[in-house]
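Here is the structure we will look at.
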Amino acid sequence: MSPERIGVVITTYNSPLWLSKVLTGYENQSQPDFRVIIADDGSTNETRDLIDRFRERGILQIDHVWHEDDGFRKCQILNKAIRETDCDYLIFTDGDCIPEPDFIATHQRLAEPGVFLSGGYIKLTMPVSEAISDDDIRNGVIFDPRWLISKGQPKNHKLWKLSSSSLKKTFLNAVTPAAASWNGMNSSTWTKDLVAVNGFNEDMQYGGLDRELGERLWNFGHKSRQIRYSTVCLHLDHARGYSKPEIWAKNRAIRKAVKDNRTFWAENGIEKSRTA
Numbered sequence: 006m007s008p009e010r011i012g013v014v015i016t017t018y019n020s021p022l023w024l025s026k027v028l029t030g031y032e033n034q035s036q037p038d039f040r041v042i043i044a045d046d047g048s049t050n051e052t053r054d055l056i057d058r059f060r061e062r063g064i065l066q067i068d069h070v071w072h073e074d075d076g077f078r079k080c081q082i083l084n085k086a087i088r089e090t091d092c093d094y095l096i097f098t099d100g101d102c103i104p105e106p107d108f109i110a111t112h113q114r115l116a117e118p119g120v121f122l123s124g125g126y127i128k129l130t131m132p133v134s135e136a137i138s139d140d141d142i143r144n145g146v147i148f149d150p151r152w153l154i155s156k157g158q159p160k161n162h163k164l165w166k167l168s169s170s171s172l173k174k175t176f177l178n179a180v181t182p183a184a185a186s187w188n189g190m191n192s193s194t195w196t197k198d199l200v201a202v203n204g205f206n207e208d209m210q211y212g213g214l215d216r217e218l219g220e221r222l223w224n225f226g227h228k229s230r231q232i233r234y235s236t237v238c239l240h241l242d243h244a245r246g247y248s249k250p251e252i253w254a255k256n257r258a259i260r261k262a263v264k265d266n267r268t269f270w271a272e273n274g275i276e277k278s279r280t281a
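With the first letter of the sequence shown counted as 1, position 83 gets the number 88 in our numbering; the numbers rise by one all the way through.
And the structure:
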């Protein structure tokens, strides 16, 4: 069973410079048959104008899903994107994550019924993030570990995710101690299964909202597959002013309840009340 209509859901909020780099990455995908769904948590017209310029270039099919700025409402805009799309398979990522050229193709190739895919990412330093040009993205040099190191990226095991060896990638996926959890920078599954668990929990704010969705998918009977070495995106650096201890504590309590009660349905999700 292969997806018929793939959508990549990209969250963003007032980061047009980073979003421009990301959309350039999607213009250079080896598999061009997909929709870009920008889940915009209330950005200004600067982001809308950027999206219009990319539409005019005629390479990407772009849907811009937007709501007014009323604080951190990522789960709400993601649920709106799920509700409004006609794509049967959705890849989720962020507007600061530049995809590898085979990003879409890999998710499509590895998609399975009843499974969500957990991909990888590499966090870049701010100097490296700022050094990346559109031409660097188009020619793919940014996915060469040697180039990243030359620009100041630390040389460590995290760059193994950029290995060109399929055998090594398969081995590393199998032995990594990291759980195949839902990762908002690089995960995918079937739209119908997201609807079956009522999408994202809108009671969740920054800090674990993606993991909570994955935990409910597990409770629903989904399995997950580790592909963090099969395809990655490069995460551009940024400040995280919305991370607060009290919000993390609230989110941890919600996740504990999901685990303890084996909950799969989000009461405050796509639909606000469950019908029989």
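Where a beta carbon is used, it is the ideal one built from N, C-alpha and C, also for glycine.
(request) Would you kindly check if the distance between the Cβ of Lys166 and the Cβ of Arg233 is under 8 angstroms? (result) In this structure, Lys166 lies closer than 8 angstroms to Arg233 by Cβ.
(request) Pull up the distance between the alpha-carbon of Thr29 and that of Asp265, whole angstroms please. (result) Note on geometry: alpha-carbon atoms of Thr29 and Asp265 lie some 43 angstroms from one another.
(message) Can you give me the C-alpha to C-alpha distance between Met190 and Asn203, rounded to a whole angstrom?
(response) One C-alpha to the other measures close to 20 angstroms.
(request) Leaving aside the five residues before and after Ile56 along the sequence, list all residues of the same chain whose C-beta is less than 7 angstroms from its C-beta, in chain order. (result) Contacts found: Ile43, Ile67, His69.
(request) Could you spell out where the beta strand (DSSP E) holding Ser192 opens and where it closes? (result) Secondary structure note for Ser192: its beta strand (DSSP E) is the uninterrupted segment 192 to 195.
(message) Using 8 angstroms as the threshold, is the C-beta distance between Glu32 and Leu65 below it?
(response) Between Glu32 and Leu65, the CB-CB gap stays under 8 angstroms.
(message) Using 8 angstroms as the threshold, is the C-beta distance between Ile109 and Phe39 below it?
(response) Yes, the Cβ-Cβ distance between Ile109 and Phe39 is below 8 angstroms.
(message) Residues in the same chain with beta-carbon distance under 8 angstroms from Arg260, minus the five sequence neighbours each way, listed in chain order, please.
(response) Contacts found: Gly213, Arg216, Glu217, Glu220.
(request) Can you grab the Cα-Cα spacing for the pair Ser138 / Arg53, in whole Å? (result) Roughly 21 angstroms between the two C-alpha positions.
(request) Output the distance between the C-alpha atoms of Leu199 and Leu222, rounded to the nearest integer angstrom. (result) Their backbone Cα atoms lie some 8 angstroms apart in a straight line.
(request) Give the secondary structure of Cys69 by DSSP, where H, G and I count as helix, E and B as strand, and everything else as coil. (result) Here the sequence assigns His to residue 69, which means Cys is not the residue at that position. Residue state, collapsed to three classes: strand.
(message) Considering just the uninterrupted stretch of the alpha helix (DSSP H) at Lys85, what are its terminal residues?
(response) First-last of the alpha helix (DSSP H) with Lys85: 79 to 89.
(request) Look at the alpha carbon of Met131 and the alpha carbon of Ser171, and state the distance between them as a whole number of angstroms. (result) Going from the Cα of Met131 to the Cα of Ser171 covers about 30 angstroms.
(request) Output the boundary residues of the alpha helix (DSSP H) element that contains Thr52. (result) According to the DSSP assignment, Thr52 belongs to the alpha helix (DSSP H) that extends over 50 to 62.
(message) For the alpha helix (DSSP H) containing Phe108, name the first residue and the last one.
(response) Residues 108 to 115.
(message) Phe121 and Thr194 - do their beta-carbons sit closer together than 8 angstroms?
(response) Against a cut-off of 8 angstroms, the Cβ pair of Phe121 and Thr194 comes out as a contact.
(request) Starting from Ile127, follow the beta strand (DSSP E) in both directions and report where the run begins and ends. (result) Membership of Ile127 in the beta strand (DSSP E) is indicated by the continuous run 120 to 128.
(request) Quick one: residues in its chain with C-beta nearer than 8 angstroms to the C-beta of Ala281, no 5 flanking neighbours on either side, listed in chain order? (result) Low confidence applies to Ala281: its pLDDT is 34, below 50, so where it sits in the model is not reliable enough to give any reading.
(message) Helix, strand or coil, according to DSSP, for Thr175 in the structure here?
(response) In the structure shown, the three-state DSSP call for Thr175 is helix.
(request) Can you tell me which of the three DSSP states Thr280 falls into? (result) Residue placement at Thr280 is flagged as unreliable, the pLDDT there being 47, under the threshold of 50; a coordinate-derived value is accordingly withheld.
(message) If contact is defined by three or more beta carbon pairs under 8 angstroms, each pair taking one atom from either stretch, is the region 99 to 109 in contact with the region 169 to 186?
(response) With a cut-off of 8 angstroms, the region 99 to 109 and the region 169 to 186 do not count as touching, because too few Cβ pairs lie within range.
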